[in-house]
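>
2 protein chains.
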Amino acid sequence: MPGQSRVEVCSRIEEVRGVVHQVRREGRVVALVPTMGALHAGHLKLIEEARSASDVVVVSIFVNPIQFGPTEDFRRYPRTWEADLELCRKGGAEVVFAPTVEVMYPAGSGSTFVEVPELSDRLEGASRPGHFRGVATVVLKLFQIVGPDRAFFGSKDYQQLQVIRRMVADLDVPVEIRAVSTVREPDGLAMSSRNRYLDADQRRASVVLSRALAQAILTVEQGETDAERVRQILRLTIESEPLARLDYAEVAEAGTLDPITRVGSGHPSVALLAVKVGPARLIDNALLPA
Amino acid sequence: MPGQSRVEVCSRIEEVRGVVHQVRREGRVVALVPTMGALHAGHLKLIEEARSASDVVVVSIFVNPIQFGPTEDFRRYPRTWEADLELCRKGGAEVVFAPTVEVMYPAGSGSTFVEVPELSDRLEGASRPGHFRGVATVVLKLFQIVGPDRAFFGSKDYQQLQVIRRMVADLDVPVEIRAVSTVREPDGLAMSSRNRYLDADQRRASVVLSRALAQAILTVEQGETDAERVRQILRLTIESEPLARLDYAEVAEAGTLDPITRVGSGHPSVALLAVKVGPARLIDNALLPA
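In the order they appear, the protein sequences are chains X and W. Following this note's numbering from start to finish, the first sequence increments by one per residue and tops out at 290. Following this note's numbering from start to finish, the second sequence increments by one per residue and tops out at 1290.
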């Protein structure tokens, strides 16, 4: 029963495989929620949706070094183990898989990579070279280790979601991918583990991302079809906030993330933002009216 | 019973998944023998070894376009469907998975690749850019589609075997890899689907590969420890055959395929050859005394 269940913590590959193998032999459906810990209400929603759609929920907690660039925040990425476990319990997860780096990348390993080049070199991939290679590789590993029927990912990391969908389709990985909508703070800021990096002023300034996206949606609703004009609105809104520094503002085809020239006209498109606010690099996105 | 069993032919992914899923639910062990068809006595041995070590043998037959270079022999690669089926039956395979290119790479797919760069850029990879990316990708796909307990590969394709072993270990793919020793013609020529390309004179000339490897082994047995001297013996032997054109002759560490300077002294090493004879590019290899 959610909120009261015991959570079984596995740190070794054979352990989690054994548990899941047994569960699947009993004909029960297993869901995986891959996370890097520092869990928040967005993760809770992932776990709860996984819980309601499956018999057994496995949450993986692993801060994956190979998806961080050399100057990025791997070392200082928040680790909040006790609170994470409590949130997994609250969400109704039965199993937490929390391997060490040595378990995931033992000495002599780590020379195989999964690449989705078409989707990986732009946007987040342009700002973070190698990021999606690291993401695709660790997600494939987690799927091979856990062997779930389905896996749940948040929509805030929109490009990551597309990379994973593409990888799973292209490689025939027998895991169903489900996207869960972004959970937001009352003022609109998308939940993120990196919001912890923000001081009070920066936290207030960070609402500019969701405000810019809302502005873009409104503009398209009011009839704007020029994608470049929508990008400009995103840029101008971000630039109106002194504490925010724009990394990119893009309007792209929703599946391929190809840049587009016209929005609406029946083609699904998405607005994507990456913005630095103080020590944090924040991303957000919104589907635009088709 | 080998030689008399019926073979179930699946061409769709859901079909072969359904069959294997049922078999594994019954607790039976499934082996996969991935092939490109044009089966010969080497493949028969793979199937027979798989048969004797497992409950159910699946043979995949798929000429994988993405492991061929643009100037290579994808189009003229031999297709011998009826004889292949008969050989699968003879070896005791229960299932043949024979997908079309459209099933393996449907429109809009094919943008994800598995890369093992450290092992893939040298030797065969240097002569055939992209070859091992194509091999690793299709083998991972076959493992995801079929979901076997173990898979059997021939040792003639030595570098391929190392690439697959590394991929499976690095990505935690739950498939056990077994190597089967090379089957040879009475004169020593390694069995290969590409031997069909040879006319009578070329066929006689092709024995030079196994003769060169035998010479290398003999030299090491007689006390030679200089790897460059062993390479020279390989080269000189190949060059003694007018119909043969050397592509490479290497002596390398057996696991990493790093070039070495000294053979023996307890470190496993391997001699590898690629030689063109008429229209065929032939490869062979031999472990050297450690």
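Positions of the beta carbon are idealized from the N, C-alpha and C atoms, including for glycine. Quick caveat: nothing in here was measured; it's all calculated off a predicted structure.
Taking 8 Å as the threshold (beta carbon to beta carbon), is Pro1099/W in contact with chain X?
No, no contact with chain X.
> Note down, in chain order, each residue of its chain lying with its Cβ closer than 8 Å to the Cβ of Ile13/X, except the 5 sequence neighbours on either side.
Cβ neighbours of Ile13/X beyond the five flanking positions: Pro99, Val103 and Ile145.
> Report yes if the CB atom of Glu82/X is closer than 8 Å to the CB atom of Val57/X, and no otherwise.
Cβ atoms of Glu82/X and Val57/X: not closer than 8 Å.
> What is the residue span of the alpha helix (DSSP H) that Asp84/X lies within?
Unbroken alpha helix (DSSP H) run through Asp84/X: Trp81 to Gly91.
> Can you list, in chain order, the residues of its chain with a C-beta nearer than 7 Å to that of Pro1065/W? Leave out the 5 residues immediately preceding and following it.
Hits under 7 Å: Phe1074 and Val1101.
> Within its chain, find whatever has a CB closer than 6 Å to the CB of Pro1279/W; leave out the 5 residues flanking it on each side and keep chain order.
Within the same chain, Pro1279/W has close Cβ partners Tyr1197.
> Report back the beta-carbon spacing between Val1263/W and Val1251/W to the nearest angstrom; my notes put them in contact at under 8 Å.
Yes, they are in contact, since the Cβ atoms of Val1263/W and Val1251/W sit about 6 Å apart, within 8 Å.
> Could you tell me whether the stretch 1180-1191 of chain W touches the stretch 1136-1143 of chain W, using the rule of 3 or more Cβ pairs below 8 Å?
Contact fails: fewer than three Cβ-Cβ distances are below 8 Å.
> I'd like to know whether the C-beta of Ile1177/W is nearer than 8 Å to at least one C-beta of chain X.
With 8 Å as the cut-off, Ile1177/W does not count as an interface residue toward chain X.
> Which term fits Asp1284/W, buried or exposed, when burial requires 16 or more other beta carbons within 10 angstroms of its beta carbon?
With 16 or more Cβ atoms within 10 Å of its Cβ, Asp1284/W is classed as buried.
> Any idea what DSSP makes of Val1057/W, helix, strand or coil?
Note: Val1057/W maps to strand in three-state DSSP.
> Listed in chain order, which residues of the stretch 1048-1072 of chain W have Cβ atoms closer than 9 Å to some Cβ of chain X?
Residues passing the 9 Å Cβ filter: none.
> Taking Leu1119/W as the reference, which of Ser1109/W, Gly1130/W and Ser1111/W has the closest Cα?
Of the candidates Ser1109/W, Gly1130/W and Ser1111/W, the one whose C-alpha sits nearest the C-alpha of Leu1119/W is Gly1130/W.
> So which residues on chain W does Val116/X lean against when the C-beta distance must stay under 9 Å?
Per Cβ cutoff of 9 Å: Ser1111, Thr1112 and Phe1113.
> Assuming Ile238/X is part of the alpha helix (DSSP H), what are its boundary residues?
From DSSP, the alpha helix (DSSP H) with Ile238/X extends over Ala227 to Glu239.
> In the structure shown, what three-state DSSP assignment does Phe1143/W receive?
Helix.
> Does the count of Cβ pairs from the stretch 22-39 of chain X and the stretch 83-90 of chain X closer than 8 Å reach three?
The answer is yes - the stretch 83-90 of chain X touches the stretch 22-39 of chain X, with three or more Cβ pairs under 8 Å.
> What did DSSP end up calling Ser269/X once you bin it into helix, strand or coil?
Ser269/X falls in the strand class under three-state DSSP.
> Taking 8 Å as the threshold (C-beta atoms), are Val1173/W and Phe1152/W in contact?
No, these two residues do not count as a Cβ contact at 8 Å.
> Can you check which of these residues, Ala1179/W, Ser1011/W, Gly1091/W and Glu1026/W, is closest to Ile1061/W by C-alpha distance?
Answer by Cα proximity: Ser1011/W.
> Report yes if the CB atom of Val1096/W is closer than 8 Å to the CB atom of Val1059/W, and no otherwise.
Yes, they are a contact pair.
> In this structure, what does DSSP give as the bridge partners for Gly1154/W?
Answer by DSSP bridge pairing, in chain order: Val1180/W.
> Tell me where the beta strand (DSSP E) around Val1007/W begins and ends.
Counting along the chain, Val1007/W falls outside any beta strand (DSSP E), and DSSP gives it neither H nor E.
> Between which two residues does the beta strand (DSSP E) harbouring Ile1283/W extend?
Counting along the chain, the beta strand (DSSP E) containing Ile1283/W begins and ends at Ala1280 to Leu1288.
> Should His292/X go down as buried or exposed, given a rule of 16 or more other Cβ atoms within 10 Å for buried?
No answer is possible for residue 292/X: it lies beyond the span of chain X, which begins at 1 and ends at 290.
> Does DSSP put Glu49/X in a helix, in a strand, or in coil?
Helix at Glu49/X.
> Measuring only between beta-carbons, confirm whether Glu8/X sits less than 8 Å from chain W.
It does not; no Cβ of chain W falls within 8 Å.
> Is the CB of Leu1171/W under 8 Å away from at least one CB in chain X?
Yes - at least one Cβ of chain X is within 8 Å of the one on Leu1171/W.
> Taking 8 Å as the limit between beta carbons, can you name the residues of its chain near Pro213/X, skipping five residues before and five after?
Note that residue 213/X is Leu in the sequence shown, not Pro. Excluding residues within five positions, the ones whose Cβ falls inside 8 Å are Leu234, Ala271, Leu273, Asp284, Asn285 and Ala286.
> By the criterion of Cβ-Cβ separation under 8 Å, what are the contact partners of Leu140/X in chain W?
Residues of chain W passing the Cβ test: Leu1171.
> Could you give the uninterrupted runs of the alpha helix (DSSP H) lying entirely in the stretch 1160-1218 of chain W, keeping only those of 4 residues or more?
List check, alpha helix (DSSP H) in window: 1200-1205.
> Straight-line CA distance for Val1175/W to Gly154/X?
The alpha-carbon atoms of Val1175/W and Gly154/X are separated by roughly 30 Å.
> Against chain X, which members of the stretch 1242-1259 of chain W pass a CB distance test of less than 9 Å?
Cβ contacts with chain X: none found.
> If you follow the beta strand (DSSP E) that Pro117/X is part of, which residue opens it and which one closes it?
Note, Pro117/X: premise wrong, no beta strand (DSSP E); alpha helix (DSSP H) at Pro117 to Ser120.
> What did DSSP end up calling Phe132/X once you bin it into helix, strand or coil?
Reduced to three states, the DSSP call for Phe132/X is helix.
> Please report the distance separating the alpha-carbon of Asp338/X from that of Gly1110/W.
The shown model of chain X, from 1 to 290, leaves out residue 338/X, and the question about it has no answer.
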